[in-house]
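Q: My questions all concern the structure below.
Number of protein chains: 4
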Amino acid sequence: MKVSIVGATGYSGLELFRLLSTHREVEIAGLYSQSFKGENIGELYPYMQKIYNGDLRGFHAEKIMATSDCVFLATPSGVSKEIANPFIQANFPVIDLSGDFRLKNPKTYEKWYQKSAPKSEWLQQATYGLADLSPHYASHLIANPGCYATATLLGLAPLIQNDWVQPDSVIVDAKSGLSGAGKMNTKATHYVEANENMSVYKVNQHQHIPEVMQQLKIWNKKMQPIQFSTSLIPVTRGIMATIYAKPNKKITQQELFELYEFYYEKMAFIRVQPKNCFPDLRQVVGSNYCDIGLTYNEETGMIMIVSVIDNLLKGAAGQAVQNMNLFYQFNQSEGLRLSPVYL
Amino acid sequence: MKVSIVGATGYSGLELFRLLSTHREVEIAGLYSQSFKGENIGELYPYMQKIYNGDLRGFHAEKIMATSDCVFLATPSGVSKEIANPFIQANFPVIDLSGDFRLKNPKTYEKWYQKSAPKSEWLQQATYGLADLSPHYASHLIANPGCYATATLLGLAPLIQNDWVQPDSVIVDAKSGLSGAGKMNTKATHYVEANENMSVYKVNQHQHIPEVMQQLKIWNKKMQPIQFSTSLIPVTRGIMATIYAKPNKKITQQELFELYEFYYEKMAFIRVQPKNCFPDLRQVVGSNYCDIGLTYNEETGMIMIVSVIDNLLKGAAGQAVQNMNLFYQFNQSEGLRLSPVYL
Amino acid sequence: MKVSIVGATGYSGLELFRLLSTHREVEIAGLYSQSFKGENIGELYPYMQKIYNGDLRGFHAEKIMATSDCVFLATPSGVSKEIANPFIQANFPVIDLSGDFRLKNPKTYEKWYQKSAPKSEWLQQATYGLADLSPHYASHLIANPGCYATATLLGLAPLIQNDWVQPDSVIVDAKSGLSGAGKMNTKATHYVEANENMSVYKVNQHQHIPEVMQQLKIWNKKMQPIQFSTSLIPVTRGIMATIYAKPNKKITQQELFELYEFYYEKMAFIRVQPKNCFPDLRQVVGSNYCDIGLTYNEETGMIMIVSVIDNLLKGAAGQAVQNMNLFYQFNQSEGLRLSPVYL
Amino acid sequence: MKVSIVGATGYSGLELFRLLSTHREVEIAGLYSQSFKGENIGELYPYMQKIYNGDLRGFHAEKIMATSDCVFLATPSGVSKEIANPFIQANFPVIDLSGDFRLKNPKTYEKWYQKSAPKSEWLQQATYGLADLSPHYASHLIANPGCYATATLLGLAPLIQNDWVQPDSVIVDAKSGLSGAGKMNTKATHYVEANENMSVYKVNQHQHIPEVMQQLKIWNKKMQPIQFSTSLIPVTRGIMATIYAKPNKKITQQELFELYEFYYEKMAFIRVQPKNCFPDLRQVVGSNYCDIGLTYNEETGMIMIVSVIDNLLKGAAGQAVQNMNLFYQFNQSEGLRLSPVYL
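Sequence lines, in order, name chains D, R, C and E. Here the first sequence is numbered in this note's numbering, starting from 8 and rising by one per residue. Here the second sequence is numbered in this note's numbering, starting from 8 and rising by one per residue. Here the third sequence is numbered in this note's numbering, starting from 8 and rising by one per residue. Here the fourth sequence is numbered in this note's numbering, starting from 8 and rising by one per residue.
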């Protein structure tokens, strides 16, 4: 099978390339980049020398459909919706890593993204591909979830689906590495600004909030708005979502642990930590794992969940490849058997 | 006035030296270190060459009292209580940076520190020196607050003292740099372990919890146990305490902001941030400031407070010097007019 | 084929495991660790959960020989020589990552390692496995080169073998990440010590100097002692060796470039950079590549070479796997098709 | 005395403010910034809240001369020469931190800076203010040396002035933190690019080379071009210049050490390290010190010098204040009694 990557020079695009180039079922048909079309990727990114010798091509939907069987759009929100048209019309498989096709409600999109929404029918048609929890893929248009949303939803799923928490008690205090801020050169991403620092940003305003809420409400209609704080910590990769919630009934530490253990037991990429153990960030970096630790504090009556992922893998390119595997019914781990780069 | 520092080679001791050596009202009489007695500090710490040429002395209470007017104990919890005896007997001024004299209840001390408690009468006698909020110093024994406790209490004081929050709703998600873990060489402080990582530790078990609770209950008897999470982020210095709480009445963003503005207006070392601004960690590092940002989310009904300090200054040596200034009625900023080292 | 790893919980051992677990020609028969025998590796290193479920075994040479075809000794210098005996006696294939079998002269070993030397006949028998330049493996005992030595020798080989430089003019200014200092908790590896710092250590005294000199003299008898400085920079992985030398004849930039281009053209893991381009450290991290940039300064008459590797891969585990591939005549890239983790 | 700072929002300008605000002999008359004129510095840089409440002013030479006694130009190379005119005409004291007035030869300026040169007579008139070695200040125009140049020249002065080295043997391998790259948001300064990385840049092309050569030739006419490599390491502050040279006569380790000890004995800001000790970067960061370690390798016949400074202090703002102190015959340490921020 042949695949193409659009937006191949962004962080997610580069990771997609890295994963797909070791995938036994696919071959990379082309790398597309509007900003660097015609340039040699090995000259642009010296680490790619002797690995990929092709040139970057300017976007061309027909050429992509003629030469490949599936396309990954690793393009920014706002761009994907502009270029996806010919693929959707042709019912050509698209895995989109932007936020453009994640929300069902066009008005919600417009509110949070400050852009005009994609066609409503496309939004209805798209599958929200939270890969570990989405066994069926009806559509050819897969919206890959956001990085913060993935960590948060995987951390909350057992609690919310089983209706264990007070619906207005959920707080997410999430931390991300700098690769989450993208490759634009901004004040926030300047080394001198980010190094030896931690900063809170977009408090209650992050664009991943609506997709989290949309999914939580699908799982449990009672859910109320959650408190959602996002921050930058001085690492390149990784997201840690620390989640607090109050149970809506009497529970024990042991019951909570068993809820998660049982729920995630057979899922290859989710690793519930032993009792009283919390994952650190690095134990998933470089891999497609989501590791989850949890505790119930009897004194305060508070549940605490810590969910960690690599934002570029499980939070972007890894989950996208997993979505492709599921869509084509390949082994879901193909191309993703990555041991974390712990040191 | 002459002062001595015991435990001068720990992180807090070194910072005390740095601050006191520019203080116009005091002279450093001696640096004491049991582990390095007899050694030259410039050889041990080359950055001190041409700054301090004296040798480190072995602890000797009588010598300290004979040569100085005040002693700083920058010794670990468990050590301070063992060596403080002669000073307390003699009513000699002690500023202790350990946790040994912070708690009033000996049983609480024994539970959280896993050590036998200091004499109960000493605990009663000690002043808990939360410097910005403690104008009167009745005792010669000042217990300098813990770093996490300082960031948390300064972040919560206006809310709790004015009884604005539901007493069982407080959550503190606190992050600290590695200097907070001390200078012991452990797995957790190994560069390869801490770098590019974030880890949660001592969840609901940190020994600063009881001093926070003790103070919150002094301010407001209704207070219930708080959820308190501590974590390490890969920076050398700094603590960010992110605090969540639910109001016990209808409030607005503006009222919340005014509460803090008014409360902290005249305090030299507390800087409430403009509306919708949160402090980043580095804007206080290298200084004695505590910067506080806040917001009220009308949709979730949640207050969020971000309080940042330099754990070695406002969270240790800086506050200790401020306590000395207040005790001796010097200008409280003397020795502490430090602009943050923002870059 | 089956392989065992002794010293599996050190940094090199963990990396060996990561590489070998994706190698199509081998199966891992056992992980051995004296310090952690009997422990579950997933509990010890949570990042290994769901990846390897076996327990760590105490060292047992007979068991290893009974269950595997080849053993990797990822043990410290001084330990390998103590445990290698039964394997060498049995002519059982050993790939040793320590410094114990790299030097031919026992006296040189004793001078630089401050330990009694292994048997002289073993030293004579061992192959110094500088993998990219060692096509023939006569011996069952392979001494994997040191990390600094690998970066330096690959950087110097074309110049020295072709006798282009003044034999007393070579200076190596090498920088290493902290993983090079090993997993011992020391003052030098404490985060607060290493972070935001750079330090020079073992100047002209590093134990990799004699293996570099031994190899340089094999290549060119005229070679004189080289100046060799080693330092730590605040990164986890990576070595950059900056090499200066004066040519012994008139050369041009173009000739120098062609010398390297031609020499390394067909070598899969060595990437000579385009003219006027120097590699940065990260462009090889996570891979088995050695990237080399070079320039000749006509004004000063000085050649400058920059050679970068991942110290744990090309400088340890990666090269060890490459040596195994060469020894068994597998494809030399098997298990090593790793794209650098550039971001 | 009153001083103004032009370019107050750059890294050097901010540091100048920090130093001068504690200087007992001066008062800050105004902060000037063309890019942020009219803005409040506390809003722009929250760390400055409650420290400086004035607004930033647009550049206005007459206003500066009317309100102050001395001006610091913390403006980029190419800008200083454009705005310095009225000050120079009026013989008003200028301390310029850019490269514009450091070189005597206009053609050299044009070659290295790729800009038209300042008036030749201004270049002749300017004092190159290598503060520790420049006791006499004839001119009102002081050119503050570059950061790399300062570390290199202080490291080499005793050797070159005493004619100890072969004039074509000097190699400087210098490393700098990211603040040296300035506050522009570029690919090189993006956190994801710089973190966990080290990169070589401007090899033999750095614009500090000509001022080093100019000074070395003043000290010793025989000096030939030096090899000068510059690189970025992932720290915010600090420069380490590692210098290699061959002696032109028989020397011993002891003689070399005594040469430096004697030369720098009385200089407050230069600290020659004890025998066999090299300074690490952090032991000067936050201070105006230059620490120098040295060794002579009898086997290779090579001298090695390691010189470390804080690039924003001794390499910029600190030396500028020292130059002001010397010019006005204040105590040269006033405003500069900063203990390094070692942790």
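Think of the CB as a built atom: it goes at the ideal place given N, C-alpha and C, for glycine as much as any other residue.
1. If I measure Cβ to Cβ from G37/R and keep anything under 8 Å in the same chain, skipping five residues before and after, which residues do I get?
2. If you run the structure through DSSP and keep just helix, strand and coil, what is N283/D?
3. To the nearest angstrom, how far is it from the Cα of I149/D to the Cα of S238/R?
4. If you draw a straight line from the C-alpha of Y39/C to the C-alpha of S19/C, how long is it?
5. Between Y303/R and I310/R, how many whole angstroms is the CB-CB distance? I'm expecting something under 8 Å.
6. Which of the residues in the segment 181-210 of chain R, read from start to end, lie with their CB under 9 Å from any CB of chain D?
7. Let's see if you can read the secondary structure: which residues bound the alpha helix (DSSP H) around L38/R?
8. Just to confirm the assignment, what range does the beta strand (DSSP E) spanning N92/E have?
9. How would you write the range of the beta strand (DSSP E) that Y116/R sits in, first residue to last?
10. What are the partner residues of R244/C, as DSSP defines its beta bridges?
11. Would you kindly work out how many angstroms separate the C-alpha atoms of N112/C and L27/C, rounded to a whole number?
12. Compare the C-beta of N151/D with all C-beta atoms of chain R and state if any pair is closer than 7 Å.
13. Check whether chain A comes within 7 Å of I58/D, counting only Cβ atoms and requiring the distance to be less than that.
14. What is the DSSP secondary structure of K70/E, counted as helix, strand or coil?
15. Please report the distance separating the alpha-carbon of N283/R from that of S340/R.
16. For S377/E, count neighbouring Cβ atoms within 10 angstroms of its own Cβ and tell me buried if that reaches 16, exposed if not.
17. What whole-angstrom Cβ distance do S176/E and N318/E have, given they're in contact under 8 Å?
18. Tell me, to the nearest whole angstrom, how far the beta carbon of S351/R is from that of S294/R; I am working on the premise that it is less than 8 Å.
19. Locate the alpha helix (DSSP H) running through A201/R, then write down its first and last residues.
20. Can you confirm whether the segment 265-275 of chain D touches the segment 225-243 of chain D when touching is taken to mean that 3 or more C-beta pairs between the two stretches lie within less than 8 Å?
21. Any C-beta of chain C within less than 7 Å: which residues of the segment 241-259 of chain R qualify?
22. Using DSSP with H/G/I as helix, E/B as strand and the rest coil, what is Q234/E?
23. Could you check where the beta strand (DSSP E) with F79/E kicks off and where it finishes?
24. Cβ of L161/D within 7 Å of Cβ of C297/D?
25. Closest Cβ-Cβ distance between P232/D and chain R: below 7 Å?
26. Just checking: is the beta-carbon of R25/E within a distance shorter than 7 Å of some beta-carbon in chain R?
27. Quick one: list the residues of chain D neighbouring V348/C, beta-carbon separation under 7 Å, in chain order.
28. Does Y18/E have its Cβ less than 7 Å from a Cβ in chain R?
29. Does P53/R have its Cβ less than 7 Å from a Cβ in chain E?
30. Checking contacts by CB at 7 Å: is I178/C closer than that to chain E?
31. Please list, in chain order, the chain C residues whose beta carbon lies closer than 7 Å to that of T29/D.
32. Given that a residue counts as buried once 16 or more other Cβ atoms are within 10 Å of its Cβ, and exposed if not, what is R244/E?
33. Would you identify the three-state DSSP class for G61/D, choosing helix, strand or coil?
34. Using DSSP bridges, identify the partner residues of I102/E.
35. Between the segment 303-317 of chain E and chain C, which residues of the former have a C-beta closer than 8 Å to a C-beta of the latter?
36. Check whether chain E comes within 7 Å of Q329/R, counting only Cβ atoms and requiring the distance to be less than that.
A: Taking the definition as stated:
1. S11, I12, G61, R64, K70, I71, T74, S75
2. coil
3. 36 Å
4. 13 Å
5. 5 Å
6. K182, G184, V199, E200, N202, E203, N204, M205, S206, V207, Y208, V210
7. Segment 34-39 is the beta strand (DSSP E) holding L38/R; no alpha helix (DSSP H) there.
8. Per DSSP, N92/E belongs to no beta strand (DSSP E); it is in the alpha helix (DSSP H), 92-96.
9. Element bounds for Y116/R: not the beta strand (DSSP E) but the alpha helix (DSSP H), 113-120.
10. Looking at the DSSP assignment, R244/C forms no beta bridge with any residue, so it has no partner.
11. 32 Å
12. no
13. Protein chains in the displayed structure are D, R, C and E, and chain A is not among them.
14. helix
15. 29 Å
16. In the structure as shown, chain E starts at 8 and stops at 350, and residue 377/E therefore has no counterpart that could be examined.
17. That pair is no contact at about 26 Å.
18. The structure shown has nothing for residue 351/R, since chain R only spans 8 to 350.
19. 198-201
20. no
21. T243
22. strand
23. 77-80
24. yes
25. yes
26. yes
27. G293, V348
28. yes
29. yes
30. yes
31. R344
32. buried
33. coil
34. F79/E, I149/E
35. N304, E306, T307, G308, M309, M311, V313
36. no
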